[in-house]
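If you read the sequence shown in the working numbering, its first letter stands for residue 213, the second for the next number, and so on.
C-beta: ideal position from N, C-alpha, C; glycine also.
Have a look at the structure below before the remarks.
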Amino acid sequence: MIGDLHRRLRAATEAAHAGLEHDLGWERRVATVAGYRALLARLRGFHAAYEPAIGAGLADEPFFGPRRRLDRLDADLAYLGLDAAAISCLPFPDTPRLDGPAALGALYVLEGSTLGGQVIGRRIAALHGLTTDGLTYYRAHGPATGAMWSAFRARLETVADEAALTEAAVATFRAMRDWLCADDAATSRAA
Ligand code: HEM
C-alpha cells in the first residue's frame, strides 16, 4: 500500500529516475568485468561522499546502519582486484550538507537503487559467474529487499517537511547522474 507522500515523491522524481536509468548505460558498462569494476569504483565515490552526510543528518544508526553500502563497495572492489590503497584514492564528489528531511530524501535515492539493483545484480551474476563475493553491493538486501523497502516507505510518511525531502531527492538524482555519467563519457572517449 503506497502512502500519499511516497506517491508524490515518486511522481516528482520519475523523470529524474528515467533520465538516470537511460543515461547510466549499465548494460554496456557491466558487460566486462573491467567495466563493472569501473562502475563500482564510481559508485564507491558517491557513497563515500553521501553516506557520512546522510548518517549525520538522520542521526539514527539503527535505521541507517543496515542501509550503508560503502563497506560492500570496498569488499567488492577488493575481490575484483583493487588493493586498499587504490580504493582509498578513488575520487568522490562534493559532500552535501543534509539535515533530517533532506537526509531522508537523499537516502530515498540510494535505497530505491536497491530495487533496480536486483535486476542489474542478476545480470552481472549471469555474465560473470559471481554469486556472493564481488556482488554484495548489488545484492544489497537480497531476499529482504521488499521488507527493507516497506520499512523505508513507512519512515517516509513520518516526514513533516515534504518540500525539503523532495528537493533533496531531486538534487541527489541529479548529482548521481552527473557523477556516474560524467565518468562514463570520459571512459567512452578514452576507449
Ligand atoms: C543508480 C541508478 C538508479 C537509482 C538511483 C534508482 C533509484 C530508484 C528509486 C528511488 C526507486 C524507487 C521508486 C519508488 O518510489 O517506488 C527505484 C525503483 C525502481 N528502479 Fe531504479 N534506480 C536506478 C537505476 C535503475 C535501473 C538501471 C533500473 C533498470 C534495471 C531500475 C529499475 C527500477 C525498478 C524496476 C524500480 C521499481 C521497483 C518496484 O517498484 O518494485 N533502476 N529506483
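Tell me the rounded alpha-carbon separation between leucine 322 and threonine 244.
Rounded to whole angstroms, the separation of the alpha carbons of threonine 244 and leucine 322 is 24 Å.
Can you tell me which of Val331, Arg256, Asp272, Ala337 puts its alpha carbon nearest to the alpha carbon of phenylalanine 364?
Asp272
Please state if the CB of leucine 221 and the CB of leucine 255 are separated by a distance shorter than 8 Å.
no
Sorted by chain position, which residues of the same chain lie with C-beta nearer than 7 Å to glycine 333's C-beta, five sequence neighbours on each side aside?
Leu347, Tyr350, Arg351
Please confirm whether arginine 367 and leucine 316 have their CB atoms less than 8 Å apart.
yes
Candidates Phe275, Ala297, Pro278, Phe258: which alpha carbon is nearest proline 305's?
Phe258
Does the Cβ of proline 278 have 16 or more other Cβ atoms within 10 Å, making it buried, or fewer, making it exposed?
exposed
Within this structure, are the beta carbons of alanine 314 and alanine 380 separated by less than 8 Å?
yes
Using the Cα positions of leucine 252 and leucine 270, report the straight-line distance between them to the nearest angstrom.
25 Å
Could you give the distance in angstroms between the alpha-carbon of histidine 340 and the alpha-carbon of tryptophan 238?
15 Å
Any heavy atom of the ligand HEM within a distance shorter than 7 Å of the CB on glutamate 369?
Relative to the ligand HEM, glutamate 369 has its C-beta separated by 7 Å or more from all heavy atoms.
Should histidine 218 and glutamate 374 be called a contact, given that it needs their Cβ atoms to be closer than 8 Å?
no
Do isoleucine 299 and leucine 292 count as a contact pair if the criterion is CB distance below 8 Å?
no
Which residues mark the beginning and the end of the alpha helix (DSSP H) in which phenylalanine 275 is found?
273 to 276
Over what stretch of residues does the alpha helix (DSSP H) that includes glycine 329 continue unbroken?
312 to 340
Assuming the contact rule is C-beta atoms closer than 8 Å, valine 382 and alanine 287 should be a hit. Round their C-beta distance to whole Å, please.
Contact flag wrong, Cβ pair sits at about 31 Å.
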